[in-house]
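Read in numbering that gives the first Met the number 0, the sequence shown has 33 at position 34, and its numbers run on one by one without any break. Note that beta-carbon positions come from the ideal geometry of N, C-alpha and C, so glycine has one too.
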Amino acid sequence: MGRRVGAGSRLSQRPTEQAFAPISFYEELDGQQSRVPNPRLEPEKTTQYELGFRQRLGERAAISLSGFYRTQENKISNRSLTGGFPAYGTYLNADFTTTQGAEVNFDLRRFRNLAINANYTLSYAQGTGSDAGATANIVWRGDYFPQFISPANFDQRHTANITLDYRLGAGEGPMVGGVRPLENFGVNVVGQFGSGQRYTRLAPNGGFAVFDSFTENVDGTINGATLPATSRIDLRVDRAFNLGFSDSQLRAYLSVINLLDTENILAVYRGTGLPNEDGYASTTAGQSQLNTPGRLFNYQAYAGGPINVGGNQSSGAGLFYGAPRQVRLGVLLDF
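In structure tokens form, the structure reads like this:
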């Protein structure tokens, strides 16, 4: 038997990005190239529609197909106002994004001790700006305000997840020496895959500051570059022991995060597209500057300017790579 499902929603959200402030904040506008909040920002509005179909496959399995469409309006954008003195920047409700795609989900209820859940999502996200900082580098350089459609920061074409859970109950498992050593034993495996998200390349040059090792010269199109795909497999093995009173159990577990110790790249330098090389030292000006001890110290201590998965610039090395393999051993008391 199949079942059709549909849903729709509309959400309003108060201004974010620290872009809303009382009018009194304009008293702080005392220098050129200042950026001040806007007290008249309107709420961002999100409208979403989803239509799907769910089909049962036998007594224990089901598959569902769905399509979705989401629009985000009144998104906050940077604007540079140069008509007066001093010139300053502020925020306006000027951008929008649209996200559309399809999802497939498969469920298998526990059968012969095994349960399975798997899903795949195909998604396209684009718009004039993903957030207030999406086009800030371009806007801040003059009066040009990009209004063309480009991929969003969160545009991720493919995502897939699968969970396998094999579990033996009380009194199950092979008999060894009059006992069942594997009763209440379980193995859980979770696999995740995601194609790379978008970021904007910057043209490398010899300019360096502690906040960003390159200027804002965009190389190519907005969000025209893609981060590498990521994948991870997590494993958990556990065994429950009845304590003999009420329903209390002591559960020992071994958890291995990133079982294969996969090196997932979450961030790259905008100028090179690499997680471990910003390209500054390869420029003529960079080589000259790094011969100065003070400049060399600053560069080595704070060689920043990466793009992380959220689309923000940062220099934290922890953002470049996903977590390595982690092994955790513990016990849980259920009562």
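Nearest-angstrom beta carbon gap, ILE62 and GLN71 [assumed within contact, 8 Å] = In fact, because the Cβ distance is near 30 Å, the residues do not count as touching under 8 Å.
message = Taking the alpha-carbon of GLY185 as reference, which of GLN191, GLY193, GLU171, ARG197 has the nearest alpha-carbon?
response = GLU171
query = Is the beta carbon of ALA337 sitting closer than 7 Å to the one on ASP164?
reply = In the structure as shown, the chain starts at 0 and stops at 334, and residue 337 therefore has no counterpart that could be examined.
ask   = So, using beta-carbon positions, are ASP237 and ILE256 closer together than 7 Å?
value = no
query = Going by Cα to Cα distance, which pick from ASP333, GLY190, SER247 is closest to ASN118?
reply = GLY190
query = Could you give the residue range of the beta strand (DSSP E) that holds GLY100?
reply = Element bounds for GLY100: 87 to 110.
request  = Would you decide whether LEU80 is buried or exposed? Buried here means 16 or more other CB atoms lie within 10 Å of its CB.
outcome  = exposed
task = Classify ARG197 as buried or exposed, calling it buried when 16 or more other Cβ atoms lie within 10 Å of its own Cβ.
result = buried
query = Got a sec, what are the start and stop residues for the beta strand (DSSP E) ALA284 sits in?
reply = Counting along the chain, no beta strand (DSSP E) covers ALA284; the unbroken alpha helix (DSSP H) around it starts and ends at 283 to 288.
ask   = Across which residues does DSSP place LEU80 in a beta bridge pair?
value = TYR87
task = Could you tell me the distance, in whole angstroms, from the CA atom of ARG69 to the CA atom of SER230?
result = 26 Å
query = Along the chain, which unbroken stretches of the beta strand (DSSP E) at least 3 residues long are found entirely within the stretch 144 to 191?
reply = Runs of the beta strand (DSSP E) inside the stretch 144 to 191: 157 to 166.
ask   = According to the neighbour-count rule (16 or more other Cβ atoms, all chains shown, within 10 Å of its Cβ), is SER335 buried or exposed?
value = Since the displayed the chain opens at 0 and closes at 334, residue 335 lies outside it and no answer follows.
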